[in-house]
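Take a look at the structure set out below.
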C-alpha cells in the first residue's frame with residue numbers, strides 16, 4: 766500500500782519541478798510545460814486526498830476538471846505562442862516584456 | 031353701508047388707475063386722458079360722498095371703521111416684525127375725504143377749461159390724478175408708514191407741477207426749492223415714525239394712542255448725557271413734518287415759490303389739500319403732541335407764521351403771491367388751533383380754508399386766464415368784465431376775512447376764541463392770542479386790498495383791460511367757482527349762522543362739526559387698546575352695532591360755570607373778530623377805493639419795514655446767501671477738498687498701493703510657493719517615487735512569478751510557524 770506521504774512527496778517534487786521550469790527556462794513552450802507539471806501536481810494531490818481522506822469521487826472529478834482545464838489552457842497558450850512567434854519571430858519570454866509592440 | 035374693497039378702495043384706486051392709463055394715453059389721445067382723469071376723480075367723489083352720508087346717518091362720536099391687512103410679516107419666533115396696512119375711517123376722515131374729492135373734482139373740471147390751450151394739457155391731468163390718489167390714500171391711512179409713503183408721493187407731484195412750465199425762468203429752481211425744503215421736515219417726520227415704531231412696535235394711530243395712554247412714551251433718550259424725553263422728541267419730529275408740508279415758519283419759504291405752477295394745481299395742492307395734509311397729520315398725532323408738552327411751541331410757531339405771512343402779503347403785487355402768503359397765514363391759524371388745543375376748530379378751519387382758498391385760487395386763475403397777467407397794479411375795474419368771478423371772489427374774501435355768516439368766521443373765530451380763553455388762563459399764551467387777532471386784521475386788509483385792486487376802480491392798464499375776455503357762464507370755467515363760493519357760507523359747517531350756536535338751522539343736527547369731531551382726550555387714550563379692527567376684504571365682517579346718536583354738548587365737557595365763562599370769552603372774541611374784520615376791510619376801502627388814505631405815505635413812513643417785507647423778512651436771503659452760500663457750500667467745498675485731496679489721495683490711492691504691494695507678495699507666493707513648490711512639487715515627487723517603483727514593473731513575467739512565489743511562500747511559512 767502506497768502511503769499518502771508518498772503521493773504528496775511525488776506531487777511536491779512535480780510542483781517544485783514545475784516551478785523551477787517556469788522560473789528558469791526562457792522558452793515560452795517550456796514554461797507552458799512547467800505549468801502543466803504544476804497542474805498535474807495539484808491533480809495528483811486531489812486524487813490522493815480523495816482516496817485517503819474522503820473516500821468519495823469528488824477529488825477524482827476535480828482531477829478530471831484539472832486535466833481538461835490544462836488541455837484547454839495549453840491549447841490557448843500554444844495559440845498565443847504561435848501568434849507571438851508570427852509577430853516577433855521569437856519564443857523567448859523576455860521578448861514579451863512590453864505591453865505594446 | 032358695507033365697507034369693503036369695492037366701496038372703499040375705488041376712492042384711492044380710481045385716480046390711481048386714471049394716472050396709470052393716462053401715462054400711456056396722454057401723448058396719443060390728450061382729450062381722452064383729460065376725460066378719464068376727471069371722471070375718475072368724480073367716481074372717487076361719489077364713493078366718498080356715500081361714506082360721508084353713512085357717517086352722518088350714524089351720527090356717533092366713536093363710530094369708526096378700521097380695516098387692516100398684513101403687508102409683510104418677517105416675524106421670527108419671539109421677534110415680532112409685522113407691518114400692517116389698513117384704512118381708518120372716523121368722522122374726521124369722512125369729512126376730509128368728502129372735502130378732498132369734492133374740491134379735486136371741481137378743480138379738475140376747472141382745469142379742463144383753464145389748461146385747454148396748454149401744450150401739455152393732458153400731462154397736467156396725469157400729475158393731478160396721481161396727486162389726488164396719493165392725498166386720498168393719506169387720508170385713508172391708518173398708520174404713519176403708509177401716510178409717509180403717500181406724503182412723499184404728494185411731494186413728488188408737487189415738485190412736478192411746480193416745475194410744470196419748465197421753460198419759464200425760475201420754475202425749475204422753485205420746484206427744487208419746494209422739494210428740498212419739505213425734505214428738511216420729512217427727514218424729521220421719518221425719524222418720528224421710527225421712534226414710534228421703536229416704542230410702540232407699530233405705526234398704527236390707534237396703537238400709538240393706546241401706547242401713549244399706557245405711558246410707553248414716558249421715558250427719555252440719553253444723548254451725550256442729556257436726557258431728552260421720548261414723547262417730546264417724537265412729537266417734535268412729527269411736527270417738523272407738519273412744518274415742512276404745511277409751510278410753517280421757519281421752513282415756509284417754498285410755498286410762495288410754488289406759485290410757479292399752473293393755478294389749478296396751486297389751488298388743489300398748495301392751498302386746499304397737500305399743505306393741509308401737514309395739519310391733518312398733526313391732528314392725527316395730537317395725543318403725541320400733548321404728551322410731548324409741545325403745544326405751546328406749536329401755538330407760537332403757528333402764531334408767528336400766521337402773523338408774519340400776513341404782513342408779507344400786505345405789499346405783494348402778484349395776485350397769486352398774495353394768495354400764497356395768505357395760505358401760509360391760514361395754515362398758521364390751523365397750527366394755532368392745534369397748539370391751543372381746539373382740535374375741532376383747527377380741523378374745521380382746515381376744511382373751510384380748503385374750500386374758500388381753492389375758490390380764491392380758481393378765481394385768480396380765471397382772472398389770469400382772461401387778462402394774461404398776474405400783476406395787480408395792471409388790473410383794476412375788472413368787475414364789469416368778470417362778474418361771476420368777482421362774485422365768487424367776493425364771497426371768498428368775506429369768508430377769509432372773517433365776516434359773520436361766512437365759513438372763515440366760524441372756524442377762525444373758534445380758534446381765536448380758544449386762544450383768548452387759554453391766554454386768560456395761562457399768560458404765556460398772550461402772544462399767541464395777540465398775534466392771532468393781529469393777523470386777522472391784516473388778513474381782512476390784504477384780502478380786500480387784493481379784491482379792490484383787481485376788480486374795483488378804474489382800469490390802470492387800458493391795453494390789458496380792453497383785451498380782457500368777456501366772461502360768460504360756462505360749466506367748466508366759472509360754475510366750479512360758483513359752487514365753491516356757495517360753500518363759503520358758514521351754515522354748512524356749523525349748522526348755525528355765526529358758529530356761536532345762536533341762530534340754529536338744521537334742528538338736531540346743529541353744530542355737527544363740534545358734535546362729531548372730538549379730540550382723543552388724554553384720559554381716554556387707554557381705550558384705544560380695545561379698538562377692534564377687521565380684515566380688509568371683499569365682505570364686511572363687522573358686527574352691526576347700533577351706536578347712540580351723538581348729542582350736541584352745550585358745555586363741551588366742562589362744568590356749567592366754566593362753560594359759561596368760556597362762552598362769554600368766546601362771545602368777546604367773536605365781537606373782537608367782527609370789529610377787526612370790518613376795520614381791516616374799512617382800511618382797505620379807505621386806501622384803495624375812497625383813496626382818502628394814501629398807501630404811499632405808509633410805504634414812505636415805514637420804509638425800513640417795507641424793505642424787510644419786500645425781501646420777505648430776508649428768509650430767502652438767509653437760507654440761500656447765508657446758510658447755503660456761506661455755510662453749506664464752503665462746507666461742501668471742504669468736504670470735496672477732503673474727499674479729493676485726502677480721501678482719494680491717501681485712502682483710495684493708498685489702498686491701491688497697499689493692494690498692489692499685497693498683490694505682489696501674493697503673486698510671489700503664488701508663483702514660488704504654490705506653483706513651483708506645491709503644484710510642481712507634487713508632480714516631481716510622484717515622478718521620483720515612480721522612478722523607484724517602475725523598476726519593479728519590468729514586464730518580465732518570470733520576475734513577477736518569483737515575487738509571487740516568494741510572497742506566497744513567506745506567507746505560508748508565516749502561517750506555519
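Residue numbers (this note's numbering), protein chains in the order written: chain D, 766 to 866; chain U, 31 to 751. Note that the Cβ used here is the ideal one computed from N, Cα and C, for glycine as well. Treat the numbers as computed from the prediction; the structure is a model and nothing was measured.
Residue from the options whose Cα sits closest to the Cα of residue i
i                      : options                       : result
residue 827 of chain D : D/844, D/778 and D/806        : D/806
residue 379 of chain U : U/729, U/689, U/126 and U/39  : U/126
residue 350 of chain U : U/382, U/385 and U/293        : U/293
residue 215 of chain U : U/499, U/311, U/468 and U/679 : U/311
residue 566 of chain U : U/626, U/96 and U/197         : U/96
residue 399 of chain U : U/617, U/386 and U/416        : U/416
residue 653 of chain U : U/453, U/638, U/51 and U/280  : U/280
residue 521 of chain U : U/70, U/434 and U/678         : U/434
residue 598 of chain U : U/285, U/563, U/454 and U/317 : U/454
residue 472 of chain U : U/257, U/356 and U/172        : U/356
residue 735 of chain U : D/768, D/800 and D/778        : D/800
residue 423 of chain U : U/512, U/115, U/607 and U/368 : U/512
residue 554 of chain U : U/271, U/577, U/296 and U/92  : U/92
residue 339 of chain U : U/358, U/715 and U/49         : U/358
residue 157 of chain U : U/618, U/197, U/613 and U/291 : U/291
residue 89 of chain U  : U/609, U/558, U/543 and U/467 : U/543
One or two residues paired with residue i in a DSSP bridge
i                      : result
residue 96 of chain U  : U/118
residue 519 of chain U : U/436
residue 103 of chain U : U/112
residue 55 of chain U  : Residue 55 of chain U pairs with nothing; no bridge assigned.
residue 257 of chain U : U/252
residue 171 of chain U : U/117
residue 792 of chain D : D/857
residue 405 of chain U : U/348
residue 760 of chain U : The requested residue 760 of chain U does not occur in the structure, where chain U is confined to residues 31 to 751.
residue 573 of chain U : Answer is none; residue 573 of chain U lacks a bridge partner.
residue 564 of chain U : U/97
Distance between beta carbons of residue j and residue i, contact taken as under 8 Å
i                      : j                      : result
residue 550 of chain U : residue 392 of chain U : Incorrect: roughly 35 Å between the Cβ atoms, too far for contact.
residue 78 of chain U  : residue 43 of chain U  : In fact, because the Cβ distance is near 13 Å, the residues do not count as touching under 8 Å.
residue 604 of chain U : residue 395 of chain U : Going by Cβ atoms, the distance from residue 604 of chain U to residue 395 of chain U rounds to 33 Å, so no, they are not a contact pair.
residue 581 of chain U : residue 494 of chain U : Their Cβ separation, rounded to whole angstroms, is 56 Å, which puts residue 581 of chain U and residue 494 of chain U out of contact at 8 Å.
residue 476 of chain U : residue 344 of chain U : 5 Å
residue 465 of chain U : residue 354 of chain U : Rounded, the Cβ-Cβ distance is 20 Å, inconsistent with contact.
residue 837 of chain D : residue 804 of chain D : The pair is not a contact, with the Cβ atoms about 11 Å apart (cut-off 8 Å).
residue 298 of chain U : residue 388 of chain U : 7 Å
residue 336 of chain U : residue 366 of chain U : 6 Å
Residues near residue i in its chain [Cβ-Cβ closer than 8 Å; skip 5 each side]
i                      : result
residue 165 of chain U : 130, 134, 180, 184, 303, 304 and 307
residue 556 of chain U : 240, 243 and 244
residue 51 of chain U  : 63 and 66
residue 857 of chain D : 791, 792 and 793
residue 325 of chain U : 319, 368, 369, 370 and 371
Same chain, Cβ closer than 7 Å to residue i, neighbours up to 5 away in sequence not counted
i                      : result
residue 633 of chain U : 640
residue 645 of chain U : 651
residue 461 of chain U : 330 and 333
residue 318 of chain U : 238, 242, 261, 264, 265 and 268
residue 824 of chain D : 811, 812, 814 and 815
residue 227 of chain U : 233
residue 537 of chain U : Bear in mind that a pLDDT of 47 at residue 537 of chain U, under 50, signals an unreliable position, so the number given afterwards is only what the model happens to contain. So the list is empty, once near-sequence residues are dropped.
Contact set for residue i: own chain, Cβ-Cβ below 6 Å, skip 5 residues either direction
i                      : result
residue 425 of chain U : 515 and 518
residue 750 of chain U : none
residue 383 of chain U : 360
residue 776 of chain D : 806, 809 and 810
residue 626 of chain U : 620
residue 141 of chain U : 294
residue 273 of chain U : 215 and 281
residue 459 of chain U : 452 and 453
residue 850 of chain D : 856
Using Cβ-Cβ distances below 7 Å, what residues of the segment 790 to 822 of chain D are close to chain U? none
Against chain U: residues of the segment 848 to 859 of chain D by CB proximity under 8 Å: 858 and 859
Note down, in chain order, all residues in the segment 720 to 749 of chain U with a beta-carbon under 8 Å from any beta-carbon belonging to chain D. 728, 729, 730, 731, 732, 735, 736 and 739
In chain order, what residues of the segment 775 to 789 of chain D put their CB closer than 7 Å to some CB of chain U? 784, 787 and 788
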